[in-house]
Every structure is written in C-alpha cells, then in structure tokens.
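Going line by line, the protein sequences match chains X and L.
So for the first sequence, UniProt numbering puts the first residue at 1; every next one is plus one.
So for the second sequence, UniProt numbering puts the first residue at 1; every next one is plus one.
Yeah, the Cβ is synthetic: ideal placement off N, Cα and C, and Gly gets one too.
Protein chains: 2
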Amino acid sequence: MNQIARTTKDIGNLLRNARKAKGLTQGELASRAGVWQRTISNIETSTSGAKLETVFDLLAALDLEIHIVPRSKMTPGDLEDIF
Amino acid sequence: MNQIARTTKDIGNLLRNARKAKGLTQGELASRAGVWQRTISNIETSTSGAKLETVFDLLAALDLEIHIVPRSKMTPGDLEDIF
DNA sequence: GCCTTTTATGATCTATAAAGCATATTGACG
DNA sequence: CGTCAATATGCTTTATAGATCATAAAAGGC
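Right under this line is the structure:
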C-alpha cells in the first residue's frame, strides 16, 4: 500500500489514516510531534494549509518519510483511497 | 534513484536537482507553477520554511509526486546526497 | 440513552511565508 | 575580462499558519 499525495488534502487524509493505524489520538500525536492538537485537526481536515515543517514533524512522529518520485499513472488500488 | 526527504532542507535540494534535471530556470518554473522566482529561491536555499501548498505547486510543475512510506534505514546511496 | 474520550472550532495574538516591487550578486561563456 | 543570464536578497504589505486560551460537537463504549 503505497500512499500517493498530490495535494494538501491527500496529506491530511493520509496523516489521519497513519495516525489511526498506530492507535494514536490527535492529542498524543501532538505532544509527540511538539505541535498542537488544534494544528493536527486543521491539517487532517484541510481546514488550513500547513507548513512543510509541521508536516515533517508529524511524519517523523509517525515514523514515516517522504519519497519524491515521477508522477505515476493512477493505479486501480489508489482509487479506493479517494472514494 | 529514489529521493528521500525528511526535512525542508531535503525538499529544497531535491527540488533544485529536479528543476535542473529538467533544464528549467527558477523563473521558468515560477511561471509554470504560479509562484515567484523569489519564493523558489527561498525554498531551494531553505531561506524560509515553505508552505505545503507551494511545494505541491512546484512538484506538479515538475511532474513529480510524493509517496509517503515507512521510514527506511539509510542506504549507502543516500549518503551521497548529504555529503 | 448517558458518559467519557476525542475531535472540531471561536477568538485573539504573534510569527512568518508569499506577493510585489526592486537591485545586487553570482555564474557561465565567448 | 566583459557581458548576459540566472540567482539571491532588501524592503513593505498582505495573507495566513501556529500558539494559546477556551468550549462545543461528535464519536465510541457500556
């Protein structure tokens, strides 16, 4: 399950899924990442555009990293994540 | 050559490499992505933390996308990008 | 259905990125 | 070395994210 992100909305959804997969609440992740619960809520719901730095803080706390790759064609499996 | 980014600095370096690989100037990329040359310079040199949205604009203009994956152990090849 | 936990959100303040103008500085090339 | 293109940067304004207090709303368990 390779997670593709092309928009801030993708990142929001993806971070929420990753957080839940690890069984963390927004509050727990917030304290781990050194950000505010409010900020995580905003990012996950795409209420506000996030700063790159903040996203990296969250990814680190979730033990994730970003790979930059040439744009791939949409694979069937990816559609599940959208709809 | 899978590009790993864990910090804003990584993103800056990576965007610069990708831009040059496509033979684009900052000005050209700026007009394609709808941002300012100034902004690209700032991001590539990590002069200022970028907004996630801006990074996505640049990635789209470079035909790149982000994959979120579990943190990998550092591979030997990656060290070249650091030192 | 109630209670607890979790998430969303109102309001204000501060910090800072991007817009917008510019020019200075650097780098590549003949 | 001189020239031109490319990149870096000074400054001011505007937009907006994050900090910080709070509480409201929603979700989940019993």
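Figure out for me which residue from the options has the closest Cα to the Cα of residue i.
i     : options                       : result
A5/L  : D63/X, K73/X and S46/X        : D63/X
T7/L  : S31/L, S46/L and G27/L        : S46/L
G27/L : L15/L, Q37/L, D57/L and N42/L : Q37/L
P70/X : A60/L, V69/L, I40/L and K73/L : A60/L
F56/X : N13/L, K20/L and G49/L        : G49/L
S72/L : K73/X, R32/X and E65/X        : E65/X
A33/L : H67/L, T54/L and N42/L        : T54/L
V35/X : T25/X, A21/X, L58/X and H67/X : L58/X
DSSP has residue i in a bridge; who is on the other side?
i             : result
E28/L         : According to DSSP, which records beta bridges pairwise, E28/L is partnered with nothing at all.
V35/L         : DSSP lists no partner for V35/L.
residue 126/X : The requested residue 126/X does not occur in the structure, where chain X is confined to residues 1 to 83.
residue 99/L  : Residue coverage of chain L in this structure runs from 1 to 83, which leaves residue 99/L outside it and unanswerable.
K20/L         : For K20/L, which the question treats as bridged, DSSP gives no partner whatsoever.
K9/L          : Partner(s): none; K9/L has no beta bridge.
Return the Cβ separation of residue i and residue j in integer angstroms, given the expectation that the two are a contact with Cβ distance under 8 Å.
i     : j     : result
G12/L : E44/L : 5 Å
R19/X : L29/X : 5 Å
K51/X : L52/L : 7 Å
For the region 29-58 of chain X, which residues have a beta carbon sitting closer than 7 Å to at least one beta carbon of chain L? From the region 29-58 of chain X, only G49, A50, K51, L52, E53, V55 and F56 have a Cβ closer than 7 Å to chain L.
Taking beta-carbon pairs under 7 Å, can you tell me which members of the region 4-18 of chain L lie near chain X? Correct list: I4, A5, R6, T7, T8, I11 and L14.
So if I threshold CB-CB distances at 8 Å, which residues from the region 60-74 of chain X count as touching chain L? Under the 8 Å Cβ criterion, the region 60-74 of chain X contributes A60, D63, L64, E65, I66, H67, I68, V69, P70, R71 and S72.
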